[in-house]
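Written out below as structure tokens is the structure these notes cover.
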Amino acid sequence: MVAVPGLRSPLVLGIETSCDDTACALVDGDGRVAASAVSSQIAVHRPFGGVVPEIASREHLANWRAVAGEALARVGVGFEAVEVVAATRGPGLVGSLLVGLSLGRAFAWARELPFHAVHHLEGHVFSPWLAEGGAPAAPVPERFVALVVSGGHTSLFRVAGATIATIAETRDDAFGEAFDKLGKRLGLPYPQGPEVDRLAELGDARRRRLPRLAGGDELFFSYSGLKTQATLELERLEAAGARATARLDEEPPLPAEVLDLVAGFRDSAVRQVLDRLDRLHRREPFAILAVSGGAAANRELRRRLPEWAAARAVELRLVPLAYAGDNAAMIAFAAVRRERLGRRDDPLAAVAASRLAIGA
Ligand code: KG4
Ligand code: ZN
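Residue numbering for the sequence shown follows this note's numbering, starting at 1 and increasing by one per position.
Dropping the structure here:
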């Protein structure tokens, strides 16, 4: 029994440390997010232009206690109120994963609590049903198609009951990764994806169209060709005298022709997503589409997906912005579902894995 009014048993503690965010959350049996605390490591990695794995693990170790404390304090309970423990087991940086997973394992074992070693993407897949503002999660349908766009993944899944099957993946760069790399070339600070998105708002994609990978009728994604195209265009503009290094303290931060290129890049990246959804929908129509992952915060994607879905009478569930980036509420929510399915893991046997298939 949870001793907190308004919350339903079991109270799940979620722990997520797969990359550079140290996250702890408390989610109840109705999928209500009682607290979701995330400590970002942006400031420590920024001087290096990207995540340094060794530093990330050390930061998780140093910060997790404060992050867990914050989540518990928000609910007004102590560790003794926790009834189920869930931690991410992969994929991700193995040193980072080990911190959160080992903590979860030790805590569950010592307190003899049910334990769930959760696949990071399973967390993202169900996150669109989480609600902000302390409301219970909406009921998750039996069947739907899930699109996860993040820094490490651009994946389409088919969910049917208890099974999650991969339909397509990226063959090279992930959607968010391509934004990060182009942003790095533009001299933008880490994490570059959101900055590139912001700068794209200032340009006009129609003035500098970039091709979108065709690939016949295939469903796989590929972003490295687009990234190279954008980089080559940038070099051409530079050779013609344009400044290609952003000055964030100036307005506009880049010359108009470079902003148009950034907008053209984003437009093409988003069109590739819509194109793959079209192909899949034509091949095997689906009624519900769930979109999640850090890059699901992309403004253009959030504008165009509702139009795409409405035109095909597809019900769209876009992850709330609060749960788009890595967080522990989605990990705890995946455990709520696993509890309902009667699936649990042995805390002494769970292993962290940097690469991990979703059904594994
Ligand atoms: O899910 P997430 O927090 O971590 C991973 O599991 O990868 O996603 C982070 C990724 C980064 O590549 C980041 O640059 C990208 O999502 N991202 C964006 C935007 N916001 C975050 N990419 C494009 N547009 C955005 N607005
Ligand atoms: Zn993620």
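Cβ coordinates follow ideal geometry from the N, Cα and C atoms, glycine included.
Other residues of its chain near residue i: CB distance less than 6 Å, five sequence neighbours each side excluded
i             : result
aspartate 267 : Ala205
valine 67     : Thr22, Cys24, Ala37, Ser39
aspartate 30  : Arg8, Pro136
leucine 188   : Glu195, Ala246
alanine 353   : Gly90
leucine 61    : Val99
aspartate 197 : Asn298, Arg299
aspartate 172 : Ser222, Ser224
Residue j beta carbon less than 7 Å from that of residue i
i                 : j                 : result
leucine 130       : valine 85         : no
cysteine 19       : glycine 92        : yes
leucine 305       : leucine 321       : no
valine 148        : leucine 121       : yes
tyrosine 190      : arginine 299      : no
valine 273        : serine 127        : no
glutamate 16      : isoleucine 358    : no
leucine 97        : glycine 90        : yes
alanine 117       : alanine 350       : yes
leucine 261       : arginine 208      : yes
tryptophan 64     : proline 347       : no
valine 140        : arginine 158      : no
arginine 276      : leucine 226       : no
leucine 237       : valine 270        : no
phenylalanine 115 : aspartate 345     : yes
valine 2          : leucine 11        : yes
leucine 213       : phenylalanine 265 : no
Residue i classed as buried or exposed, judged by whether at least 16 other C-beta atoms fall within 10 angstroms
i                : result
aspartate 180    : buried
leucine 199      : buried
glycine 241      : exposed
threonine 166    : exposed
phenylalanine 48 : exposed
alanine 59       : The sequence given here places glutamate at residue 59; alanine does not occur at that position. Classification for glutamate 59: buried.
leucine 341      : exposed
threonine 170    : buried
aspartate 326    : buried
aspartate 278    : exposed
threonine 228    : exposed
glycine 105      : The question names glycine, but residue 105 is arginine in the sequence shown. With 16 or more Cβ atoms within 10 Å of its Cβ, arginine 105 is classed as buried.
alanine 56       : buried
glycine 203      : buried
proline 252      : exposed
arginine 343     : exposed
glycine 100      : buried
alanine 324      : buried
leucine 72       : buried
glycine 133      : exposed
aspartate 217    : exposed
leucine 182      : buried
arginine 282     : exposed
leucine 248      : exposed
8 Å Cβ shell around residue i - same chain, five flanking residues per side excluded
i             : result
glutamate 177 : Gly151, Gly152, Tyr223
alanine 309   : Leu289, Glu315, Leu316
arginine 355  : Gly90, Pro91
leucine 280   : Val145, Leu156, Ile167, Ala168, Leu219, Phe286
alanine 160   : Glu142, Arg143
Opposing strand residues paired with residue i [DSSP bridges]
i                 : result
leucine 26        : Leu13, Ala35
leucine 289       : Val145, Leu316
glycine 90        : His119
valine 82         : In the DSSP output, where bridge partners are listed per residue, valine 82 has none listed.
alanine 269       : Looking at the DSSP assignment, alanine 269 forms no beta bridge with any residue, so it has no partner.
aspartate 21      : Ser40
alanine 328       : Answer is none; alanine 328 lacks a bridge partner.
phenylalanine 221 : Thr170
arginine 158      : Val145, Ala165
aspartate 345     : Phe115
Cβ shell of residue i (< 7 Å), same chain only, five flanking positions each side left out
i              : result
aspartate 162  : This sequence places alanine at residue 162; aspartate is not what is there. Cβ neighbours of alanine 162 beyond the five flanking positions: Leu341.
valine 75      : Val4, Leu26, Ala34, Ala35
valine 52      : His45
arginine 302   : Leu318
valine 94      : Ala352, Ser354
isoleucine 164 : Glu122, Val125, Phe157, Ile358, Gly359
aspartate 28   : Val2, Leu7, Arg8, Leu11, Ala34
lysine 184     : Gly49, Gln192
Closer than 6 Å: residue i CB and nearest the ligand FMN heavy atom
i              : result
asparagine 298 : Ligands in the displayed structure: the ligand KG4 and the ligand ZN; the ligand FMN is not one of them.
Q: Determine, using beta-carbon pairs with one atom in the stretch 73-80 and one in the stretch 329-340, whether at least three such pairs fall under 8 Å.
A: no
Q) Do the stretch 283-295 and the stretch 244-251 make contact, defined as three or more Cβ pairs closer than 8 Å? A) no
Q: Answer yes if the stretch 288-297 comes into contact with the stretch 223-234, meaning at least three C-beta pairs across the two stretches below 8 Å, and no otherwise.
A: no
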